[in-house]
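Residue numbers (this note's numbering): 2 to 111.
Reviewing the structure listed below.
Right, dumping it as structure tokens:
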């Protein structure tokens, strides 16, 4: 997965924000919740592009595709998700690209 693929999937699904976590999860939302406080710790590099980060342990990189730029790294936990909708991406493999995630959000109606 790449940042662009997750962004495209969320955008096509009608969401304002796309987030990447654990190098293979793509999350979509129209609002950032869970305090929206930026946090350090997004240090997992994409295997295909080490210049991009894809979250980390309880950390999610959030992007607003309208600006096409990262909004930073945010705290994320299973108890209080920062972006509320996780989408399943078919044929994404172990490492999900953002574009694949975004397409899945769109197909799911988000």
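Think of the CB as a built atom: it goes at the ideal place given N, C-alpha and C, for glycine as much as any other residue.
Alpha-carbon spacing of residue i relative to residue j, whole angstroms
| i | j | result |
| --- | --- | --- |
| residue 78 | residue 60 | 8 Å |
| residue 52 | residue 4 | 11 Å |
| residue 62 | residue 7 | 11 Å |
| residue 23 | residue 76 | 13 Å |
| residue 74 | residue 42 | 7 Å |
| residue 9 | residue 71 | 14 Å |
| residue 88 | residue 12 | 13 Å |
| residue 27 | residue 107 | 12 Å |
| residue 20 | residue 65 | 9 Å |
Residue i CB to nearest heavy atom of the ligand FAD below 7 Å
| i | result |
| --- | --- |
| residue 105 | This structure does not include the ligand FAD; it has no bound ligands of any sort. |
Residue i classed as buried or exposed, judged by whether at least 16 other C-beta atoms fall within 10 angstroms
| i | result |
| --- | --- |
| residue 45 | buried |
| residue 18 | buried |
| residue 80 | exposed |
| residue 68 | Reliability fails at residue 68, whose pLDDT of 49 lies under 50, so the model's placement of it is uncertain and no value is given. |
| residue 110 | exposed |
| residue 32 | exposed |
| residue 104 | buried |
CB contact flag (residue i, residue j, <8 Å)
| i | j | result |
| --- | --- | --- |
| residue 14 | residue 85 | no |
Boundaries of the beta strand (DSSP E) in which residue i is found, first to last residue
| i | result |
| --- | --- |
| residue 11 | From DSSP, residue 11 is part of no beta strand (DSSP E) but of the alpha helix (DSSP H) over 4–13. |
| residue 62 | 60–65 |
| residue 21 | 18–22 |
| residue 30 | 26–30 |
Cβ-based neighbour list, residue i, same chain, cut-off 6 Å, excluding 5 preceding and 5 following
| i | result |
| --- | --- |
| residue 35 | 81, 83 |
| residue 57 | 42, 43, 44, 45 |
Same chain, Cβ closer than 7 Å to residue i, five either side skipped, listed in chain order
| i | result |
| --- | --- |
| residue 16 | 29, 30, 31, 106, 111 |
| residue 54 | 43, 44, 45, 46, 62 |
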